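Just below is one structure, and these are the notes that go with it.
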Amino acid sequence: GQQVMQIPQYQHVQEGEDFTTYCNSSTTLSNIQWYKQRPGGHPVFLIQLVKSGEVKKQKRLTFQFGEAKKNSSLHITATQTTDVGTYFCAGRAGGTSYGKLTFGQGTILTVHP
Amino acid sequence: KAGVTQTPRYLIKTRGQQVTLSCSPISGHRSVSWYQQTPGQGLQFLFEYFSETQRNKGNFPGRFSGRQFSNSRSEMNVSTLELGDSALYLCASSLMADSGANVLTFGAGSRLTVL
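Protein chains in written order, with the working numbering: chain A, 11 to 123; chain B, 63 to 177.
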C-alpha cells in the first residue's frame, strides 16, 4: 500500500536558524497537505499543494511539491519558539481526491531560545 | 461555527473491556475520518465514512469498528481492549466536496488508557 515517509524524525534548532522537513511517497500523489500539531494539541491544517512543482509561502514557511508529485518539503526561515510542534505531511494517492489520506510519521521540531 | 467535538476526552479501561468514542463533525461536513495516534507510530488511519458508508479502511484488526449516522455524527468502537490500544484517537471531518481535495479539521481527541 501507499507509504509516506518523513524525515528527519526530530530536529533541534536554535531560535533564528532555518528548518526543513522532507516528505516522500512510494506512489504518485494527487495532492499533499501539511499539518502542525502543537504539544498537547491536535493537528491543524496548514496548506495544500496540488500542482506539480507548486511552491506556496505563508510568511516564514515555504512549501514545495515535487515535479513528479511524489515528494514535498516544508522550510521554515528564522525559526521562532512559536514554531515548536510536530509537522506532518499527508498525501492522497494519485488519480482520486477520495482516497485515504496517509500521514507521514511527522517531524518533531524543538526550538531553543 | 463549532469545531469537531469528540467525547469523552479521557477514559480509562481495563483489558478485555470495550469502548465507544463519539465524534460530531463541523456542521455541513459529511465525511468523518478516524486516526489512532501513538508516540512511536504517528497518525495511523482507521477508517473514513461518508454519508453513512465506510469509504476507506486502514489496517486495523476487526476489533476496531465504526459507523456514521444520518446526521454525520460518527462513533468508533474497540472491543476486547488490549494494552496496545492505549492511544489518542482523533476524529477529523471534511466537506467531501465533489471536486478538489478534502482538508481535515481535527477534534481534540479522546485519550484512551488501557490498564
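Just so it is clear, CB atoms sit at the ideal spot from N, CA and C, and this is done for glycine as well.
Keep in mind it's a predicted model, so treat the numbers as computed, not measured.
(request) Please determine if the stretch 122 to 131 of chain B and the stretch 140 to 157 of chain B are in contact, where contact requires at least 3 C-beta pairs separated by less than 8 Å. (result) yes
(message) Going by C-alpha to C-alpha distance, which of A:H122, A:F113, A:V121 and A:E64 sits closest to A:I17?
(response) A:F113
(message) Suppose you measure from the CA of B:D160 to the CA of B:G169; what does that come to, to the nearest Å?
(response) In this prediction, B:D160 scores a pLDDT of 47, lower than 50, which makes its location untrustworthy; the coordinate-derived value is nonetheless stated afterwards. Whole-angstrom Cα-Cα distance: 23 Å.
(request) For B:N139, return the contacting residues in chain A, with the cut-off set at a CB-CB distance below 8 Å. (result) Going along chain A, no residue has its Cβ under 8 Å from B:N139, so there is no contact; the nearest lies around 20 Å.
(request) Helix, strand or coil for B:L145, going by three-state DSSP, please let me know. (result) helix
(request) On a CA-only basis, which of A:T117, A:G101 and A:Y32 is nearest A:D93? Give me that one, please. (result) A:T117
(message) Cβ closer than 7 Å: which chain A residues qualify as neighbours of B:E110?
(response) K110
(request) Have a look at B:H91, B:S93, B:P70 and B:R92 and flag the residue whose alpha-carbon is nearest the alpha-carbon of B:T82. (result) B:P70
(message) Spatial neighbours of A:T87 within its chain, please: C-beta separation below 6 Å, excluding the five flanking residues on both sides.
(response) D28 and R70
(message) Check whether chain A comes within 8 Å of B:A149, counting only Cβ atoms and requiring the distance to be less than that.
(response) no
(request) Report the residue from A:H85, A:F55, A:P49 and A:G101 whose alpha carbon sits nearest the alpha carbon of A:T38. (result) A:G101
(request) Could you name the residues of the same chain whose beta carbon sits closer than 6 Å to that of A:K79, not counting the 5 residues immediately before and after it, in chain order? (result) T38, L39 and S62
(request) Give me whichever residues DSSP pairs with A:G101 in a beta bridge. (result) A:I42 and A:T112
(request) Output the residue ranges of the beta strand (DSSP E) runs that lie fully inside the stretch 29 to 91 of chain A and measure 3 residues or longer, sorted by chain position. (result) 29 to 35, 39 to 47, 54 to 59, 65 to 68, 71 to 75 and 81 to 86
(message) Contact criterion: CB-CB distance below 8 Å. Does B:F122 meet it with respect to chain A?
(response) no
(message) For a cutoff of 8 Å on Cβ pairs, would you count B:V94 as touching chain A?
(response) no
(request) Leaving out five residues on either side along the sequence, give the residues of the same chain with a beta carbon under 6 Å from the beta carbon of A:H85. (result) T30 and T72
(message) Against A:F73, what residues of chain B qualify as contacts under a CB-to-CB distance less than 9 Å, listed in chain order?
(response) Result: empty, since nearest Cβ-Cβ is about 14 Å, beyond 9 Å.
(message) Can you check whether the C-beta of A:P49 is within less than 8 Å of a C-beta belonging to chain B?
(response) no
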